[in-house]
Amino acid sequence: MSNWIEIGTLDEIPQLGARVVVTDKGNIAIFRTAEDKVFAIKDECPHKQGPLSQGLVHGDKVACPLHDWKIQLDTGIAVAPDEGCVATYPIKMDKDIIMLSLTPNK
Amino acid sequence: MKERLVVIGNGMAGMRTVEELLKLAPDAYEITVFGEEPYGNYNRIMLSPVLAGEKTIDEIMLNDLQWYEDNKITLLKGKKAVGIDRKAREVTADDDTVVEYDRLLIATGSTPFIIPLPGHELPGVVAFRDISDVDTMLFAAGKYKNAVVIGGGLLGLEAANGLMQQGMNVKVVHIMDTLMERQLDGPAAKMLGASLEERGMEFLMGAETASIEGKDRVEKVCFKDGSSVKADIVVMAVGIRPNIALAEKVGIHCERGVVVNDTMQTFDPRVYAVGECVQHKNKTYGLVAPLFEMAKVCANHLAQHGIGRYEGSVTSTKLKVTGIDLFSAGDFTGDESTENLVFKDAASGVYRKLVVKDNKIKGTVMYGDTIDGSWYFDLMRDETDITDFRPTILFGQAHLGDSGHGDDSRVAAMADNAEICGCNGVCKGDIVNAIVDKKLFTLDDVRAHTKASSSCGSCTGLVEALLAHTVGGDYSVAPHLKPLCTCTDHTHDQVRTVIRDQGFKSIREVRDFMEWKTPDGCPKCRTAINYYLVCQWPETHSSDDAQSRYINERAHANIQKDGTFSVIPRMWGGSTTPKELRAIADAAEKFNIKTVHVTGGQRIGLYGLKKEELPAIWKDLNEAGMVSGHAYGKALRTVKTCVGKQWCRFGTQDSTHLGIELEKMTWGSWMPHKFKFAVSGCPRNCAEATIKDFGVVCVDSGYELHIGGNGGIKVRVTDFLCAVETEADVMEYSAAYIQLYREEAHYLERTAPWIERIGLTYIKDNIVGDPENRKILAERFHYSQKFMQDDPWEARAKGAAQHEFTAIKQLNV
């Protein structure tokens, strides 16, 4: 039962970049990969809460700007050997309009 | 259907290849392994500590039986492969098991050489090669008293030490006059012998064994001179030979070993071989590091990535006898064409010898304190010219200015809670446990798992020493040419050459042309290539790829631990005005700045700004005439100065003025790493110019120029470049030096390690010895600066790159 919220269009996010959605419960980072896949994850590295939106995107991963942990954008799981996980959120594309649900993926 | 890979040999080389293959292509093959021993795969180099009772068999297992099951590998343990039908592509075992293959990997290792003396088949005569040999020795140690080890080489001494630890009386019989003659020179061998004798080991040097005698089992060893010694067990450790019996029998070309090419293929391209059984470019190897390098290449080829090549290895050895530190590498004997550098302190038990030819290290032997072994080894492998630090090289790298750990370098003696990596708070115990539990063999593995040595790198030598100490003997060394990152096998220099020669203007072109393994690179290579492009083609600087810059350079502010940013405007030459100070104070109040801090680079930092506030505060600072201080960039940072002769009674020149001029000339230039200047007005050096990337010390007659200093990770005092007479000279020399650094250093390499890598002489030749070249370099710098000197703050305060500083959406939920 997702409530989809329109948050913007694809071209508002640079390729291999990210923007944030500000909510009362903290920021959600919206990533765009080289292949224009869009992912939404909590803007908080499981390591020391670094803002992942400020990291470098490569493949389907982002490198945290604070200590270079790599986080998998689709699952929110840290790339081994680091261990940790961050919440991910559903994204739906309506042509180039990005729709976000605030109910985290299980 | 999957292709079938059959591996003959369940040792370290074979299984390392399988492990590497599983990482690259987990589903490519159905894998079957023949293993003669009834175990999983264990770390053979750790048998010595097992014999000495310092480790158990369980502790040295690398892959237990569960691992084979988990990875769907069929392990035929206790089965010996005895035949290969290369036409039918079948391997036959001694129990008539037949397994078909599409590709075959021979990893049969080596066999100990047994001297065919009369009596060599008596019970109680063993080699030192596998777990069953160790069991035989441990059993004998429990029951008997006298052990004789034939062979005073590495393996023989480790066996002798182990048996002695088990309480036996041990005599080592050696045919030569010095111990470990293949790894040590005379003086080091003497020191080793003396120290082992002190522990109770006896030596029979220059003794030629004639026979082994006994009724039901060995009783004594007899010598050619008619004498004899009592022996309840005899260990033969006189050398190993590549085990080529099977390969030879089935017609695969062998010489001393199974002959392979650079992709580890034998003369039958379906058949690969790795490890000690292999002969590559006429060399055979009996150490673990080369095996791992071979395994990587072989796995690469099996996975059809096909770009890796094995180019041979340079190896080093360490003796695994607790309490004895010994290291040797390369050609440590030398000949008429070489020279020896020797340090010997018999009383403290320290000996170091370097064999040098044309100012390059060819080999080294060390006894006692071996912490610098890996440094000498690197210098040897990289063929570094040691001219510039030859007078102090024997005192080790610490002498070059390692502030980190001082004398505390003997890792074996350190307590488990001793902190090794100060950046990440990693203790010795953490590292050792990770190495053992996670089966780590390389520095990169240790970095990934523990974070030790992954930040500033000053503890790298210690971590390497711990690795060597924990996994035993030699650990895997990096290949000769270090790739830029894991996305490629190409080096920094190769990438730069391609950019220049092919005229590439984008990161994608470079990656496509050089066949990158990943679609869009990684943080390491993207940032490096982006810099190389900016440096090579300053005209297109405007198309600089923001997504290939780390956040600090993308946001033009330094990210802090809580995700806020700092703002540090430039203060030319460390000078400011009441107007600027007022503007800073106003901004600090307006933006509710929590911390106003005077930085080490003579300027003022404002901390705790939210990202979205940055353009607004920049606008205020711009209006007061201030620009970005690039305190966040791999770029020109600051020019630190003293007040000089304008005020100081000791000042010889106008250091402040010169500092401002230098900063005006160099600000805005992107560099491989951050770059700091200083100008001191007299030799009292209040601006600390001799620990900067470029330091000027004013003297009465002009200006002394110093380069390659560093006050950070490793305190390194600058090298003296030359003295010049005028301010204009200082400007020209510094511009040329910066351009040389920009064009030739690797990305993220500070000037200090750069100079140590390429040598001071090279820089002097380019800058001082060649005025024409100096002018050209300086001109290239000035040309580049035409495109670099625009204030990034101003553009963004006026609305550029707005997406970087604003949320895509504000939700009030």
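Heads up: the protein sequence lines correspond to chains A and B, in order.
Under the numbering used here, residues 1 to 106 are what the first sequence spells out, in order.
Under the numbering used here, residues 1001 to 1813 are what the second sequence spells out, in order.
Think of the CB as a built atom: it goes at the ideal place given N, C-alpha and C, for glycine as much as any other residue.
Using a 10 Å radius around the Cβ and a threshold of 16 neighbouring Cβ atoms, would you call residue i buried or exposed?
| i | result |
| --- | --- |
| Q1502 of chain B | exposed |
| P46 of chain A | buried |
| K1002 of chain B | exposed |
| D993 of chain B | Residue 993 of chain B lies beyond the stretch modelled for chain B, which goes from 1001 to 1813, so this question has no answer here. |
| T103 of chain A | exposed |
| F991 of chain B | As shown, chain B starts at 1001 and ends at 1813. That puts residue 991 of chain B outside it, with no answer to give. |
| S1476 of chain B | Confidence at S1476 of chain B is low in this model, with a pLDDT of 47, below 50, so its placement is unreliable and the value that follows should be read with caution. So S1476 of chain B counts as buried. |
| T1540 of chain B | exposed |
| F1139 of chain B | exposed |
| Q1646 of chain B | exposed |
| H1746 of chain B | buried |
| V1091 of chain B | buried |
| F1650 of chain B | exposed |
| R1256 of chain B | exposed |
| I13 of chain A | buried |
| N1161 of chain B | buried |
| G1153 of chain B | buried |
Would you identify the three-state DSSP class for residue i, choosing helix, strand or coil?
| i | result |
| --- | --- |
| K1579 of chain B | helix |
| I41 of chain A | strand |
| N1300 of chain B | helix |
| P1569 of chain B | strand |
| L1379 of chain B | helix |
| D1743 of chain B | According to the sequence as given, residue 1743 of chain B is Glu; it is not Asp. If DSSP states are grouped into helix, strand and coil, E1743 of chain B belongs with the helices. |
| L1467 of chain B | helix |
| E1336 of chain B | coil |
| A1801 of chain B | coil |
| Y1703 of chain B | strand |
| I1691 of chain B | helix |
| K995 of chain B | Residue 995 of chain B lies beyond the stretch modelled for chain B, which goes from 1001 to 1813, so this question has no answer here. |
| C1277 of chain B | helix |
| S1454 of chain B | coil |
| Y1068 of chain B | helix |
| S1313 of chain B | coil |
| K1517 of chain B | coil |
| W1667 of chain B | coil |
| L1341 of chain B | strand |
| I1738 of chain B | helix |
Quick one: give me the first and last residue of the alpha helix (DSSP H) that residue i is part of.
| i | result |
| --- | --- |
| L1062 of chain B | Here L1062 of chain B belongs to no alpha helix (DSSP H); instead the beta strand (DSSP E) covers 1061 to 1063. |
| W1793 of chain B | 1792 to 1797 |
| A1194 of chain B | 1186 to 1198 |
| Y1783 of chain B | 1771 to 1788 |
| S1548 of chain B | S1548 of chain B -> no alpha helix (DSSP H), and no H or E assigned at all. |
| T1428 of chain B | Looking at the sequence shown, residue 1428 of chain B is not Thr but Lys. It spans 1428 to 1437 - the alpha helix (DSSP H) in which K1428 of chain B sits, taken as one unbroken run. |
| T1450 of chain B | 1443 to 1450 |
| A1013 of chain B | 1012 to 1024 |
| I1031 of chain B | Here I1031 of chain B belongs to no alpha helix (DSSP H); instead the beta strand (DSSP E) covers 1029 to 1035. |
Below 8 Å on the Cβ atoms is my contact criterion, and I expect residue i with residue j to pass it. Report the Cβ-Cβ distance as a whole number of Å.
| i | j | result |
| --- | --- | --- |
| L1065 of chain B | L1075 of chain B | 7 Å |
| K1664 of chain B | A1635 of chain B | Not quite, the Cβ-Cβ distance comes to about 15 Å (not below 8 Å), so this is no contact. |
| N1010 of chain B | E1037 of chain B | 7 Å |
| T1638 of chain B | F1677 of chain B | 7 Å |
| H1556 of chain B | Y1632 of chain B | 6 Å |
| S1328 of chain B | T1364 of chain B | 7 Å |
Could you check where the beta strand (DSSP E) with residue i kicks off and where it finishes?
| i | result |
| --- | --- |
| W1537 of chain B | No beta strand (DSSP E) contains W1537 of chain B, which DSSP labels as neither H nor E. |
| D1719 of chain B | 1719 to 1724 |
| A1210 of chain B | 1209 to 1213 |
| A1081 of chain B | 1081 to 1085 |
| H1597 of chain B | 1595 to 1598 |
May I ask whether a heavy atom of the ligand ADP can be found less than 7 Å away from the beta carbon of residue i?
| i | result |
| --- | --- |
| E1100 of chain B | No copy of the ligand ADP appears in this structure; indeed no ligand is present at all. |
Going along the region 1443 to 1463 of chain B in order, which residues come within less than 7 Å of chain A, judged by CB to CB distance? A1448, H1449
Review point. Using Cβ-Cβ distances below 7 Å, what residues of the region 18 to 32 of chain A are close to chain B?
Key: R19, V20, V21, V22, T23, D24, I30
Proximal residues, the region 60 to 87 of chain A versus chain B, C-beta separation under 9 Å:
K61, A63, P65, L66, H67, D68, K70, A80, P81, D82
Q: Could you name the residues of the region 1501 to 1523 of chain B whose beta carbon sits closer than 7 Å to any beta carbon of chain A, in the order they occur along the chain?
A: T1518, P1519, D1520, G1521, C1522, P1523
Give, in chain order, every residue of the region 1485 to 1500 of chain B whose Cβ lies closer than 7 Å to some Cβ of chain A. none
**Asked** If you measure beta-carbon to beta-carbon, which residues of the region 1791 to 1807 of chain B are closer than 7 Å to chain A?
**Response** H1803, A1807
* May I ask you to list, following chain order, the residues of the region 1669 to 1690 of chain B that have a beta carbon less than 7 Å from some beta carbon of chain A? => none
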